[in-house]
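The structure appears below as structure tokens.
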Amino acid sequence: MDSLSQFALGAAVGVAVMGRRIAPWRAALWGGALGTLPDLDALIDHGDPVRNMVLHRAETHALFWQTLASVPLAAAIAALTAGPRAGSARWRDFPRWLATVWLAFVTHALLDAMTVYGTRLALPFSDHPYGVGSIFIVDPLYTLPLLVGVIGALIARGPGWGRWNIAGLVLSTAYLGWTAAAQAHVEGFVRAQIAARPDAATVERVLVTPTAFNTVLWRVLVMRPDGYEEGFRSLLDGDRPIRFSAHPRDRDLLAAVRDIDAVERIARFSRGFFRVDERGGVVRITDLRMGQEPSYVFAFAVTRRASAPQPLTPPLAAGGRGDIDISAALDWLWRRARGEDIDPPG
4 MDSLSQFALG
14 AAVGVAVMGR
24 RIAPWRAALW
34 GGALGTLPDL
44 DALIDHGDPV
54 RNMVLHRAET
64 HALFWQTLAS
74 VPLAAAIAAL
84 TAGPRAGSAR
94 WRDFPRWLAT
104 VWLAFVTHAL
114 LDAMTVYGTR
124 LALPFSDHPY
134 GVGSIFIVDP
144 LYTLPLLVGV
154 IGALIARGPG
164 WGRWNIAGLV
174 LSTAYLGWTA
184 AAQAHVEGFV
194 RAQIAARPDA
204 ATVERVLVTP
214 TAFNTVLWRV
224 LVMRPDGYEE
234 GFRSLLDGDR
244 PIRFSAHPRD
254 RDLLAAVRDI
264 DAVERIARFS
274 RGFFRVDERG
284 GVVRITDLRM
294 GQEPSYVFAF
304 AVTRRASAPQ
314 PLTPPLAAGG
324 RGDIDISAAL
334 DWLWRRARGE
344 DIDPPG
């Protein structure tokens, strides 16, 4: 998720666990900082854009390593916040700080796993990138209850001050449950529509993810050996079937470049939702999960086409969505989410 959401979640955890053991605003700041800490791995340069992508949300988001790191970090915070004259009393709040650190880390990782990107929760025991894909990386309906709850708790007076914060945590968590339920509903509709088609047996995998900033309009990706289809389904579409647009996949080109390290990494990290294509003699691999036709966030130039592929060392980032007309895209998003049967821009 975005940094603001993670800070708000961490702040809510800090206020909930620490109570009034310290000033609530200090608990919120400590919790927010801890909730942001795992994402500092994005500052590490692993040598090339592909490695930087696939090695993000790795060890700093793994529950095992987070648990180990929580103990010394909580001890350091307990000593720092107690002051030099606290003596043995500085450890009085250590259990609460340990709970705050661990919960801020773990909730960060689990929230990230609800997005489609891929979070390696089980390192070092498994390298699988978990990604439920039921919430967009920025969703105001998740973040706002947390922010209102924390701010309300900081402003409120009296014995019920913490109820604001608890309400924010409950509402945001309930919203995550809603996203998973809505995703399951749309996926059930999609699979029923696919099953009724004569080419249903050729479907390899299906992805259902929300479009930007909402959970009303969903993007559907259907992968086949020789191509993929993209469609959109609004919860307000009624019984209207999804209209898919078909796009080819070059299987021969993939066979020629699949042993290149960057191709192997993206193919595995995207869990099969990728394509390779050639433009101007340069072969690119694109993660199809993030973005929509024709613009994707993560695309990489990996080799030059010749009699034998000549890998680019290092691979070059070729993705991005800088060519999108933001006004037109938001207008389409709003109208399509309301159930209008219109084609996406581009």
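First residue of the sequence shown? That's 4 in my numbering, and the numbers climb one at a time after it. The beta-carbon is built from N, C-alpha and C at its ideal position, and this holds for glycine as well.
>> Please report the distance separating the alpha-carbon of E296 from that of L66.
In response: 35 Å
>> Taking 6 Å as the cut-off, is the beta-carbon of A11 closer than that to any non-hydrogen atom of the ligand PLP?
In response: Only the bare structure without any ligand can be found here, which leaves the ligand PLP out of the picture.
> In terms of residues, what are the limits of the alpha helix (DSSP H) holding S175?
Replying inline: 166–198
> Hey, how far is the Cα of A249 from the Cα of D5?
Replying inline: 31 Å
> Relative to the C-alpha of D344, which residue among D328, A215, D242, S8 is closest?
Replying inline: D242
>> I'd like the list of long-range same chain contacts for I80, defined as Cβ closer than 6 Å, with 5 residues on each side in sequence excluded.
In response: W100
>> Using the Cβ count rule (16 or more neighbours within 10 Å means buried), how would you classify A199?
In response: exposed
> Which partner residues does E233 have in the DSSP bridge list?
Replying inline: L224, S248
> Roughly how many whole angstroms lie between the Cα atoms of R308 and A331?
Replying inline: 36 Å
> CA-CA distance, P251 and L144?
Replying inline: 36 Å
> What did DSSP end up calling G294 once you bin it into helix, strand or coil?
Replying inline: strand
>> Using 8 Å for Cβ pairs, my map puts D115 next to H64. What's the rounded Cβ distance?
In response: 6 Å
> Just how far apart, CA to CA, sit D240 and W164?
Replying inline: 42 Å
> Within this structure, are the beta carbons of G171 and A107 separated by less than 7 Å?
Replying inline: no
>> Can you find the residues in the same chain that come closer than 6 Å, C-beta to C-beta, to Y133, ignoring five residues on each side of it along the sequence?
In response: A116, T122, L124
>> Relative to the C-alpha of P41, which candidate in L257, L83, T110 has its C-alpha closest?
In response: T110
> Applying the criterion that 16 or more other CB atoms from any shown protein chain within 10 Å of the CB defines a buried residue, is G283 buried or exposed?
Replying inline: exposed
> In whole angstroms, what separates the C-alpha of V206 from that of Y231?
Replying inline: 9 Å
> Straight-line CA distance for R292 to R23?
Replying inline: 43 Å
>> So, with DSSP's three-state summary, where would you put T70?
In response: helix
> Whose C-beta lies closer than 7 Å to the C-beta of M56 among residues of the same chain, with five residues either side of it excluded?
Replying inline: F301
> Does the Cβ-Cβ distance between S73 and W105 come in under 7 Å?
Replying inline: yes
>> So, does the stretch 175–183 touch the stretch 222–237, judging by three or more C-beta pairs under 8 Å?
In response: no
>> So, for R364: in the same chain, excluding its five sequence neighbours on each side, which residues have a beta-carbon less than 8 Å away from its beta-carbon?
In response: No answer is possible for residue 364: the residues shown for the chain start at 4 and end at 349.
>> Pull the bridge partners of R282 from the DSSP assignment, please.
In response: V285
>> With distance defined between alpha-carbon atoms, name the residue in R222, D264, V260, T306 nearest to V119.
In response: R222
>> Short of 8 Å in beta carbon distance, which residues of its chain neighbour R194, apart from the five on each side in sequence? Order them along the chain.
In response: V209
> What number of angstroms, rounded off, separates the C-alpha of G294 from the C-alpha of L315?
Replying inline: 24 Å
>> Pop quiz: A31 and V18 are said to be a contact at Cβ under 8 Å. What is the actual Cβ separation, rounded to whole angstroms?
In response: 5 Å
> Taking just the CA atoms, how far does G342 sit from F247?
Replying inline: 16 Å
>> Give me the residue from H49, V16, A26, D51 with the minimum Cα distance to T39.
In response: V16
> Where DSSP assigns a beta bridge to F277, which residues make up the other side?
Replying inline: D290
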